[in-house]
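A.B. asks:
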Amino acid sequence: MTSYDEILLALRRVIRATDLHSKRLSKSSGLTAPQLLIMRTIRDLGQVTISTIANKVSLSQATVTTILDRLKLRNLVYRVRSTEDKRKVHAHLTEAGDEILARAPNPLQEDFIKNIRPWRSGSKP
């Protein structure tokens, strides 16, 4: 097997793992991976602006706003306009949002990191 074949096989495994994780996430929490990522970012950073979330998760502000709209409809997040700068809006988790995060599976990237570490030392996971 050539190194290109190994790379393509590894990519297929990543795609498969991503698909399986997304299905498990949706089944267990009703969330998509981007929704979970945004909610974890809000939890980790506390009072946070839409632009900060967008930068942290590498999505556009428009996409983050759309995702937040959906999360708001499910009563998982709420937004508050800044009292100091009316142009800024801060996102917060609701109690229901905190609860669903507590039950949600770990992000897929955490599993990838666990499996990549042994490769760095020269052994396979």
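Mapping of the sequence shown onto the working numbering: position 57 corresponds to residue 169, and the numbering continues sequentially without gaps.
By construction, the Cβ of each residue, glycine as well, lies at the ideal position given by its N, Cα and C atoms.
1. Using three-state DSSP, classify R186 as helix, strand or coil.
2. If the criterion is Cβ atoms closer than 7 Å, does the pair L213 and R155 meet it?
3. Suppose only complete runs of 4+ residues qualify. What are the alpha helix (DSSP H) ranges in the stretch 118-152, listed by chain order?
4. How many angstroms separate the CA atom of R128 from the CA atom of I119?
5. With a Cβ-Cβ cutoff of 7 Å, do N187 and T175 count as a contact?
6. Taking Cβ to Cβ, would you say V189 is nearer than 7 Å to A166?
7. Kindly indicate which three-state DSSP category L216 falls into: helix, strand or coil?
8. Check each candidate in T153, V126 and L123 and name the one with the smallest Cα separation from G209.
9. Got a sec: is the Cβ-Cβ distance from S194 to anything in chain D below 7 Å?
C.D. replies: In terms of the structure at hand:
1. Residue numbering aside, residue 186 sits at position 74 when the sequence shown is read from its first letter. Here R186 sits in coil by DSSP.
2. Within the sequence shown, residue 213 is the residue found at index 101, counting from 1. Within the sequence shown, residue 155 is the residue found at index 43, counting from 1. Closer than 7 Å, so yes.
3. none
4. Your numbering for residue 128 matches position 16 in the sequence shown. Your numbering for residue 119 matches position 7 in the sequence shown. Going by the C-alpha atoms only, they are around 14 Å apart.
5. By one-based count along the sequence shown, residue 187 stands at place 75. By one-based count along the sequence shown, residue 175 stands at place 63. Not in contact: N187 and T175 (Cβ atoms no closer than 7 Å).
6. Counted from its first residue, the sequence shown places residue 189 at position 77. Counted from its first residue, the sequence shown places residue 166 at position 54. Contact: no.
7. The residue labelled residue 216 in the question sits at position 104 within the sequence shown. One detail in the question is off: residue 216 reads as Ala in this sequence, not Leu. Residue state, collapsed to three classes: coil.
8. Here residue 209 refers to the residue found at position 97 when the sequence shown is read from its first residue. Comparing Cα positions, the closest option is T153.
9. Among the chains of the structure shown, chain D does not appear; only one protein chain is present.
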